[in-house]
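Below is one structure; the comments refer to it alone.
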Amino acid sequence: MSAPKPEILIVGAGLGGLLLGCIFEKMQVSYRIFERTSEIKPLGAAIGFGANILPVFNQLGLMEELEKISFIAKDLDMYNTKGDFIGGWDIGHQKKTTGYDQLVFARQDFHALLLSKIPPEKILMNKKVISSEQDDQGVTIVCADDSTYHGDILVGADGAYSSIRKNMYKDLTSKNKLPTSDTEDLLHGHICLLGTTEVVDTEKFPILKEPTTAFRRTLPDGGSYTWTIITVPGQRVCWNVIEQLSEQTSAKKSFQNSEWGPDANEKMIAEIRDFESPIGGTLGDLIDASKPETISRVFLEHKLFETWYDRRIVLIGDAVHKFLPSGGQGACNAMQDAVILANCIYDLASLSTEDINAAFEDYHEQRYPHAKNQIDRAGFLGKVMFGQTFSEKVIRHFLFNWLPKSIQTMQFHKTNNYRPQLTFLPMEMGLGPILPQKPSRRYAEEQAKGAAHV
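For the sequence shown, the working numbering begins at 2 and goes up steadily by one.
Written out as structure tokens, the structure is:
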């Protein structure tokens, strides 16, 4: 029996949605991506990938291009406002232990790389989805311009304030099938101002002459701000400033914001402009070297949703798990979602609602425990990286000064041992222990059939 050929609608042209499109190109699956904005804007700062996702880029033949836009990270260093080193992590050992370096790059460069692999006719811009309906014949979306589209599967890759999740949850709520926790708001504990500079002068910032990433975070002894500088290829600097909110302030500001979109940030810029940069100069120098339209001011939300799918509709990325950036795993987990979801779709028995729902249940079972582990880790590291309360400072002092390096290394290995890959392509094993992955039934059958004809 031939494999089913679904028509897939992907809402959201972010990193997760685009990688899913790249995978579907490899699978030769029919898909379209619907993006609510009229143009792609180069927003965001730095992203880092390690052994827990890089094998997939080898499988897709994208590793060489990814390396061209990346630097290798060796250290994550923390300083006080006097410029004194107060602690950090050595990550330069990863190549020897996993087979992969830790690569760091500008989000806008990575987004452009993925976008270049999607045929232009498969991305529909200015398509804000306002509703979705599903039945045994398929799923239909309605856009703000009154256009409608029909498919077999709908993937919500449209961020923390996902319209697809909102519509799906509304339907589940009417049937008393939605857990109470999924009706609760996302947690807002921080505000982040971030951007990426244009080309800057290496004489003013000599560290930009180095061929590896400089990752430096400043942790003041008081106040509510922390700031981070990360160098990337092209004589550029990715920067962010994070403000820790009090519980009272957080509650007042828990309203929906536009993710990755420019916001009213002038007041925050004025407050932090004169802060000293850990690579020289001030934060104002870096802000002035960044195009205003590429600077974003966003809430850093933190939440793991329980409900990831319903019949023909499924969610990935920030739509189901919104990470604090402290763990450096938000984008990576969106990529991992795309990989496992694609594997489950590859093994679809048929296009019936029952079989599609079963595939999504499998996806959730494979991904949820790992996403929860990383959400919890990011929450803890948020206290270490951004915390300014007394207890958070005590935790930070202990980790930087008393925690054995062997335990730090063990935690990095725990993250990198989980390496989900595309099970319908030859696997990239790398080095070190790797957690077992559910194999593809269809791929095994195809390989056996091919061997029988040799």
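Even for Gly, the Cβ is constructed at its ideal location relative to N, Cα and C.
Endpoints, the alpha helix (DSSP H) within which residue i is located
i: ASN402; result: 391-402
i: GLY89; result: First-last for GLY89: 86-91, but that is the beta strand (DSSP E), not the alpha helix (DSSP H).
i: ALA113; result: 108-117
i: TYR347; result: 331-347
i: ILE70; result: That residue, ILE70, is in no alpha helix (DSSP H); it is neither H nor E in DSSP.
i: VAL57; result: 55-60
i: LYS304; result: Per DSSP, LYS304 belongs to no alpha helix (DSSP H); it is in the beta strand (DSSP E), 297-305.
i: ILE1; result: The question about residue 1 has no answer here: the residues shown for the chain are numbered 2 through 455.
i: PHE25; result: 16-28
i: GLN422; result: No alpha helix (DSSP H) contains GLN422, which DSSP labels as neither H nor E.
i: THR98; result: 95-99
Within 8 Å, strictly: CB atoms of residue i and residue j
i: PHE25; j: SER71; result: no
i: CYS193; j: LEU301; result: yes
i: THR197; j: THR295; result: yes
i: LEU325; j: ALA379; result: yes
i: TYR369; j: CYS345; result: no
i: ALA445; j: GLY318; result: no
i: ASP311; j: LEU173; result: yes
i: SER164; j: ILE131; result: yes
i: THR308; j: LEU179; result: yes
i: GLY51; j: GLN103; result: yes
i: GLU66; j: LEU114; result: yes
i: ILE299; j: VAL238; result: Per the sequence shown, residue 299 should be read as Val rather than Ile. Cβ distance not < 8 Å, so VAL299 and VAL238 don't count as in contact.
i: ASP336; j: VAL140; result: Per the sequence shown, the amino acid found at residue 336 is Met instead of Asp. No, these two residues do not count as a Cβ contact at 8 Å.
i: ASP348; j: ARG420; result: no
i: TYR80; j: ARG217; result: yes
i: LYS123; j: PHE35; result: no
i: ILE230; j: LEU116; result: no
i: LEU426; j: PRO5; result: no
i: TYR170; j: ASP183; result: yes
i: LEU77; j: ILE87; result: no
Distance between beta carbons of residue j and residue i, contact taken as under 8 Å
i: ILE54; j: TYR32; result: Their Cβ separation, rounded to whole angstroms, is 21 Å, which puts ILE54 and TYR32 out of contact at 8 Å.
i: THR214; j: ILE341; result: That pair is no contact at about 28 Å.
i: ILE288; j: TYR226; result: Incorrect: roughly 14 Å between the Cβ atoms, too far for contact.
i: LEU432; j: THR99; result: 6 Å
i: ALA343; j: LEU21; result: 6 Å
i: PRO279; j: THR219; result: 5 Å
i: GLY282; j: PHE206; result: 7 Å
i: ALA290; j: GLU199; result: 6 Å
i: HIS303; j: LEU246; result: That belief does not hold up - the Cβ atoms of HIS303 and LEU246 are roughly 12 Å apart, past 8 Å.
i: GLY160; j: ALA47; result: The pair is not a contact, with the Cβ atoms about 19 Å apart (cut-off 8 Å).
Assigned secondary structure, residue i (DSSP; H/G/I helix, E/B strand, else coil)
i: LEU10; result: strand
i: LEU352; result: coil
i: VAL321; result: coil
i: LEU104; result: strand
i: LYS129; result: coil
i: GLU244; result: strand
i: ARG1; result: As displayed, the chain neither begins before 2 nor continues past 455, which places residue 1 out of reach and without an answer.
i: ASP186; result: coil
i: ASP264; result: Because ASP264 sits at a pLDDT of 47, beneath the cut-off of 50, its placement in the model cannot be relied upon, and the following sentence gives the value as read from the coordinates. The answer is coil: DSSP assigns ASP264 none of H, G, I, E or B.
i: GLY45; result: coil
i: GLN448; result: helix
i: LEU195; result: strand
i: GLU277; result: strand
i: GLN438; result: coil
i: GLY139; result: strand
Range of the contiguous beta strand (DSSP E) that encloses residue i
i: GLU79; result: Residue identity check: residue 79 is Met in the sequence provided, not Glu. MET79 -> beta strand (DSSP E) spans 76-80.
i: ASN177; result: Run containing ASN177: none; DSSP gives neither H nor E here.
i: ARG218; result: 216-219
i: ILE154; result: 154-157
i: ASP146; result: Run containing ASP146: none; DSSP gives neither H nor E here.
i: VAL200; result: From DSSP, VAL200 is part of no beta strand (DSSP E); its letter is neither H nor E.
i: THR227; result: 226-233
i: SER31; result: 31-35
With 16 other Cβ atoms within 10 Å as the buried cut-off, status of residue i
i: ASN168; result: buried
i: ASP286; result: buried
i: PRO440; result: exposed
i: PRO121; result: exposed
i: THR38; result: exposed
i: LYS323; result: buried
i: MET28; result: buried
i: ALA14; result: buried
i: ARG313; result: buried
i: THR416; result: buried
i: VAL395; result: exposed
i: PHE391; result: exposed
i: PHE399; result: exposed
i: HIS94; result: exposed
i: ASN402; result: exposed
i: THR181; result: exposed
i: ASN334; result: buried
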